[in-house]
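Working notes, structure below.
2 protein chains.
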Amino acid sequence: MIGVFDSGLGGLTVVKELLKRLPQYKIVYFGDTARTPYGTKSAETVIRYAIEDTKFLLSLSAKIIVVACHTVSSTAMPTLRERFPNIPFFEVVTPSFRKALNLTKNKKVGLIGTRTTVESGIYERLFSEADPEIKLYANPAPLLVPLIEEGWIKKPETRSIVKKYLIPLKMRGIDTLILGCTHYPLLKKVIQEKAGKRIKLVDPSEEVALLVKSYLEENPDVACHFERSEKSPNGEPEIYVSDLTPNFERMAKLFLQRDIKLRKVDLESYLGSREDK
Amino acid sequence: MIGVFDSGLGGLTVVKELLKRLPQYKIVYFGDTARTPYGTKSAETVIRYAIEDTKFLLSLSAKIIVVACHTVSSTAMPTLRERFPNIPFFEVVTPSFRKALNLTKNKKVGLIGTRTTVESGIYERLFSEADPEIKLYANPAPLLVPLIEEGWIKKPETRSIVKKYLIPLKMRGIDTLILGCTHYPLLKKVIQEKAGKRIKLVDPSEEVALLVKSYLEENPDVACHFERSEKSPNGEPEIYVSDLTPNFERMAKLFLQRDIKLRKVDLESYLGSREDK
């Protein structure tokens, strides 16, 4: 079973890509909608939440964990790997960094993301270790998440705000742009239009799904953990959320582009009652 | 001591009004920045959080509690009053309803707020009980909170989004508009401009501060609980948050319009350790 988590429902863009490439695997998703968003919160708080999210997915027998959240990917990975040493973790930062490294020709790479992701400096570190000549230009784009969650994908205000966020990056002459948030693939068309044809976009949801696929192909011993009985009969992923509203249901449909049942779990009581046992 | 809480920092607009009117009282504020926003979450989750926020303020010896959050005011008050029967609670919905009831002449009142506040239907119930002839026209305005929190107060996109939210209300011919969220007083000028001169705005932060002031004047027995030693020496309120980032510090300054030290508290561990004792 593949466990996927995110601060909210944005990580469902990763589930969508996984379903496309690995339809034979059962996917369990947890969206921490009761505490969403993580992208405005401190690293310490994000790490605490990420540990709880992981524990929940492991309790449902997840064998590998996909962190479908840039904020967690850029702040909590060393702690998660230390706390759960036997679990293969995949995150969204490294595969999008690698893709951008391959794509850029003029060595000028742009990044948009939440404030926490951008301020973590993780992409700077990865690029400077891989090729010190690469310049990374990053701009926090905090309004894109609420605009996407409102479904304001094609509104003129959204286009204008996207343009505003991209201007300083375009002025630097970037040829590659990392979409540093799993919500952003929904705005890909608008972002591509405002960025212009010459800038190549890196979609983290696509990149991490490709990585998980090749990992499962190369590691048949891990893959064999996925017994036939565990496979979902109709290919439906199981989607858990820590809070459920009609608006979250609407958003899940928007992200997954299919009708899906959300199941609510009270994370604190659930984990508390398991630890009591 | 007056305890004030909100899902985040928007409630500091209430603190600002209280400081203006009641400078002799010590104010303790709690902003649940680790779980902000509440306005997109379910009533059940909001109620659970509101109980914890109240417990925290009572543990710091608050004698009255001001709920500076429309989402909590419109969903959690019966539960809070039942759970803490000896504590006088003030909330932001009733005083703004009363003010609008006095102001409206054509009996057409508008409301903007978060999705949870608008969908709670609390204003509809209050108006229909007070005067069934009053028509309330409500429009959720969920993008205003992130725009304000980004400090985009005067940006053209913000003006355009405000205009968009007000169009359906203006078309109904409202003469009074309730700002149903403690963030919105920061956008008062833009909202007034887009609403037009004929529409009177109701500012909930002002209204609840006036109510607390008259309560303390009329109830000297409660007021005498505030001993001189408890008064803040320099009139500074104590501001606690469940998560602290440079951006939250910037926002606190924006809302209070003064420099202020934020103190971080881990609510779950704090309440957990007190309950263990």
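For the record, the sequence lines run as chains L and C.
Terminal number for the first sequence in this note's numbering: 277, no gaps in between.
Terminal number for the second sequence in this note's numbering: 554, no gaps in between.
Where a beta carbon is used, it is the ideal one built from N, C-alpha and C, also for glycine.
All figures in this text were calculated on a predicted structure; none of them were measured in a lab.
Could you check how far apart the C-beta atoms of residue 397/C and residue 459/C are, in whole angstroms? I think they sit under 8 Å.
-> Indexing the second sequence from 1 puts residue 397/C at position 120. Indexing the second sequence from 1 puts residue 459/C at position 182. No, residue 397/C and residue 459/C are not in contact; Cβ-Cβ is about 15 Å, not under 8 Å.
Contact the segment 460-470 of chain C vs the segment 436-450 of chain C: 3+ CB pairs below 8 Å = yes
Given residue 381/C as reference, the closest of 417/C, 521/C, 525/C and 479/C once Cα atoms are compared | Looking up residue 381/C in the second sequence gives position 104. Among 417/C, 521/C, 525/C and 479/C, the Cα nearest to that of residue 381/C belongs to 479/C.
How about residue 323/C and residue 481/C: do their beta carbons lie closer than 9 Å?
-> To locate residue 323/C, count along the second sequence from 1; it is residue 46. To locate residue 481/C, count along the second sequence from 1; it is residue 204. No.
In angstroms, rounded to a whole number, what distance separates the CA positions of residue 295/C and residue 249/L?
-> Mapped onto the second sequence, residue 295/C falls at position 18. Mapped onto the first sequence, residue 249/L falls at position 249. If I take the Cα positions, the gap works out to 39 Å.
Over the uninterrupted alpha helix (DSSP H) stretch that includes residue 328/C, give me the two end residues.
-> Start at 1 with the first residue of the second sequence, and residue 328/C comes out as number 51. Element bounds for residue 328/C: 320-336.
Identify, in the order they occur along the chain, each residue of the same chain with its Cβ nearer than 6 Å to the Cβ of residue 415/C, setting aside the five sequence neighbours on each side.
-> What you label residue 415/C is simply residue 138 of the second sequence in a count that begins at 1. Counting only Cβ-Cβ distances below 6 Å, and skipping sequence neighbours, we find 388 and 395.
By the 10 Å Cβ neighbour count, where 16 or more other Cβ atoms means buried, how is residue 224/L classified, buried or exposed?
-> Here residue 224/L refers to the residue found at position 224 of the first sequence. Note that residue 224/L scores 46 on pLDDT, short of 50, meaning its location in the model is unreliable; the coordinates nonetheless yield the value given after this. Exposed is the call here.
Is it true that the CB of residue 50/L sits closer than 9 Å to the CB of residue 3/L?
-> Taking the first sequence and counting its residues from 1, the one referred to as residue 3/L is at position 3. Taking the first sequence and counting its residues from 1, the one referred to as residue 50/L is at position 50. No. Outside cutoff.
Do we get a CB-CB distance below 9 Å when we pair residue 168/L with the residues of chain A?
-> The question asks about chain A, but that chain is absent: this structure's protein chains are L and C.
Taking just the CA atoms, how far does residue 102/L sit from residue 421/C?
-> In the second sequence, the residue the question calls residue 421/C occupies position 144. In the first sequence, the residue the question calls residue 102/L occupies position 102. If you take the alpha carbons of residue 421/C and residue 102/L, they lie about 39 Å apart.
Rounded straight-line distance, which links the Cα of residue 256/L to that of residue 56/L | Reading the first sequence from its first residue, position 56 is the one you call residue 56/L. Reading the first sequence from its first residue, position 256 is the one you call residue 256/L. Answer to the nearest angstrom: the Cα atoms are 22 Å apart.
For residue 215/L versus residue 178/L, is the C-beta distance shorter than 9 Å?
-> Your numbering for residue 215/L matches position 215 in the first sequence. Your numbering for residue 178/L matches position 178 in the first sequence. The answer is no: Cβ separation not under 9 Å.
Could you give the uninterrupted runs of the alpha helix (DSSP H) lying entirely in the segment 397-436 of chain C, keeping only those of 4 residues or more?
-> 399-407 and 421-426
Contiguous beta strand (DSSP E) assignments of at least 3 residues, all confined to the segment 79-113 of chain L = 89-91 and 108-113
Near residue 10/L, what residues of its chain come up, given a Cβ to Cβ distance below 6 Å and the 5 sequence neighbours on each side ignored?
-> For the purposes of this step, residue 10/L is taken as residue 10 along the first sequence, with counting starting at 1. So the list reads 182 and 183, once near-sequence residues are dropped.
Inter-residue spacing [alpha-carbon to alpha-carbon] between residue 236/L and residue 252/L | Looking up residue 236/L in the first sequence gives position 236. Looking up residue 252/L in the first sequence gives position 252. Each residue's alpha carbon lies about 13 Å from the other.
Taking Cβ-Cβ distances shorter than 7 Å, what residues in chain C pair up with residue 157/L?
-> On the first sequence, residue 157/L is found 157 positions in, with the first residue counted as 1. Chain-order list of chain C residues neighbouring residue 157/L: 434, 437 and 438, by C-beta distance under 7 Å.
Can you tell me whether residue 373/C is buried or exposed, with buried defined as 16 or more other CB within 10 angstroms of its CB?
-> For the purposes of this step, residue 373/C is taken as the residue at position 96 of the second sequence. Label assigned to residue 373/C: buried.
Partner residues on chain L for residue 524/C, Cβ-Cβ distance less than 8 Å | Taking the second sequence and counting its residues from 1, the one referred to as residue 524/C is at position 247. The contacting residues are 40 and 115.
CB of residue 452/C within 9 Å of CB of residue 476/C, strictly = Numbered from 1 along the second sequence, position 175 holds the residue referred to as residue 452/C. Numbered from 1 along the second sequence, position 199 holds the residue referred to as residue 476/C. Yes.
Can you tell me whether DSSP reads residue 478/C as helix, strand or coil?
-> Walking along the second sequence from the start, residue 478/C turns up at place 201. Looking at residue 478/C - three-state DSSP - the assignment turns out to be strand.
Would you mind reading off the limits of the alpha helix (DSSP H) that contains residue 72/L?
-> Mapped onto the first sequence, residue 72/L falls at position 72. Its alpha helix (DSSP H) spans residues 70-75.
Give the range of the beta strand (DSSP E) segment to which residue 263/L is assigned.
-> The sequence position of residue 263/L within the first sequence is 263, counting from 1. That run of the beta strand (DSSP E) goes 262-264.
What first and last residue would you give for the beta strand (DSSP E) that runs through residue 176/L?
-> In the first sequence, the residue the question calls residue 176/L occupies position 176. Residue 176/L -> beta strand (DSSP E) spans 176-180.
Within the 9 Å Cβ cut-off, does residue 312/C reach chain L?
-> Position 35 of the second sequence, counting from 1, holds the residue named residue 312/C. For residue 312/C, the answer is yes, since a Cβ of chain L falls inside 9 Å of its Cβ.
Three-state secondary structure (DSSP) of residue 316/C | On the second sequence, position 39 is the one that residue 316/C refers to. Residue 316/C falls in the coil class under three-state DSSP.
Output, in sequence order along the chain, the residues in the segment 55-77 of chain L whose CB is closer than 9 Å to any CB in chain C.
-> For the segment 55-77 of chain L, which is checked against every Cβ of chain C, not one residue is closer than 9 Å.
Per DSSP, residue 6/L is paired with what?
-> Counted from its first residue, the first sequence places residue 6/L at position 6. Paired residues: 31/L.
Give the C-beta separation of residue 349/C and residue 291/C to the nearest angstrom, bearing in mind that I take them to be a contact with Cβ-Cβ under 8 Å.
-> On the second sequence, residue 349/C is found 72 positions in, with the first residue counted as 1. On the second sequence, residue 291/C is found 14 positions in, with the first residue counted as 1. The Cβ separation is near 12 Å, so there is no contact.
Cβ neighbours of residue 542/C in the same chain (closer than 6 Å, five flanking residues each side left out) | For the purposes of this step, residue 542/C is taken as residue 265 along the second sequence, with counting starting at 1. 517, listed in sequence order.
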